[in-house]
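**Q** Below you'll find the structure I mean.
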Amino acid sequence: MHTQLLQERADDWRLWSLEGETSLDEENLVELVDVTGHPVLAGFVMDSDCVVLEGRTRDQETWRACLDRTAMSAYMAEADQFVDDWFLSPEEAAERAVAWARAADLTPAPKAIVEVLSKRSDPFVEDLFQELLDSLGIEL
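In our numbering, the protein residues as written are 94 to 233.
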């Protein structure tokens with residue numbers, strides 16, 4: 094696995110790219126939390142169209158959401174699956190994301206998080222991911 098540091102944010106938050114990985118399972122997230130001692134937020138970017146998000150803290154079970162539900166729905170339809178069967182609604186995901194951010198000693202913006210989780214990407218979902226990080230309180 095090849096890792097690359099993409100961005101450093103305030104308070105020692107780092108954005109890494111893991112090339113070759115197709116996902117991080119819950120066991121990987123738990124291990125990352127244990128090793129770093131800090132909450133983890135993972136995002137699997139699918140062709141810059143949508144992102145699978147998974148967050149974990151030491152005391153919280155893993156939560157899963159996605160960015161650009163419309164694009165994700167199109168991907169899932171190819172496999173006869175439905176976005177609502179795999180991902181929390183934007184409102185439910187925002188609640189979990191806010192709890193995650195507070196557990197990380199961040200100051201989240203709940204309304205902004207719901208908005209980001211409800212948006213379409215234009216043109217790239219990576220921009221939405223950056224908005225989400227800002228809304229969670231992970232500042233540049």
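Where a beta carbon is used, it is the ideal one built from N, C-alpha and C, also for glycine.
(1) Kindly indicate which residue of Glu-154, Trp-193, Ser-141, Arg-213 has the alpha-carbon position closest to the one of Leu-229.
(2) Using DSSP bridges, identify the partner residues of Trp-156.
(3) I think Arg-149 touches Val-133, with their Cβ atoms under 8 Å apart; what is that distance to the nearest whole Å?
(4) Can you tell me where the alpha helix (DSSP H) holding Leu-199 begins and where it ends?
(5) Starting from Leu-181, trace the beta strand (DSSP E) both ways and give me its first and last residue.
(6) Can you tell me the Cα-Cα spacing of Val-144 and Glu-124, whole angstroms?
(7) Could you check how far apart the C-beta atoms of Arg-157 and Leu-181 are, in whole angstroms? I think they sit under 8 Å.
(8) Looking at the strands, I want to know which residues DSSP matches up with Ala-237.
(9) Can we say the region 212-220 touches the region 186-204, given the rule of at least three CB pairs closer than 8 Å?
(10) Only counting the same chain, and skipping five residues up and downstream in sequence, which positions put a Cβ closer than 7 Å to that of Ala-205?
(11) When burial is assigned at 16 or more other CB atoms within 10 Å of the CB, is Glu-147 buried or exposed?
(12) So, are the CB atoms of Phe-217 and Ser-141 less than 8 Å apart?
**A** Judging by the given coordinates:
(1) Numbered from its first residue, the sequence shown carries residue 229 at position 136. Nearest of Glu-154, Trp-193, Ser-141, Arg-213 to Leu-229, Cα basis: Trp-193.
(2) Position 63 of the sequence shown, counting from 1, holds the residue named residue 156. Paired residue(s): Gly-148.
(3) Counted from its first residue, the sequence shown places residue 149 at position 56. Counted from its first residue, the sequence shown places residue 133 at position 40. Confirmed, about 5 Å.
(4) As a working note, residue 199 is residue 106 in the sequence shown. Element bounds for Leu-199: n/a, residue is neither H nor E.
(5) Here residue 181 corresponds to residue number 88 of the sequence shown, with the count starting at 1. It is not in any beta strand (DSSP E) - Leu-181 carries neither H nor E in the DSSP assignment.
(6) As a first step, residue 144 is located in the sequence shown; it is residue number 51 there, counting from the start. As a first step, residue 124 is located in the sequence shown; it is residue number 31 there, counting from the start. Rounded to whole angstroms, Val-144 to Glu-124 spans 22 Å at the Cα level.
(7) Here residue 157 corresponds to residue number 64 of the sequence shown, with the count starting at 1. Here residue 181 corresponds to residue number 88 of the sequence shown, with the count starting at 1. Arg-157 to Leu-181, Cβ: 7 Å. Contact.
(8) The structure shown does not extend to residue 237, since the chain is modelled only from 94 through 233, so no value can be given for it.
(9) no
(10) Within the sequence shown, numbered from 1, the residue matching residue 205 stands at position 112. Closer than 7 Å at Cβ, skipping near neighbours: Ser-228.
(11) Stepping through the sequence shown from its first residue, residue 147 is reached at position 54. Buried.
(12) Here residue 217 refers to the residue found at position 124 of the sequence shown. Here residue 141 refers to the residue found at position 48 of the sequence shown. Going by C-beta atoms, Phe-217 is nearer than 8 Å to Ser-141.
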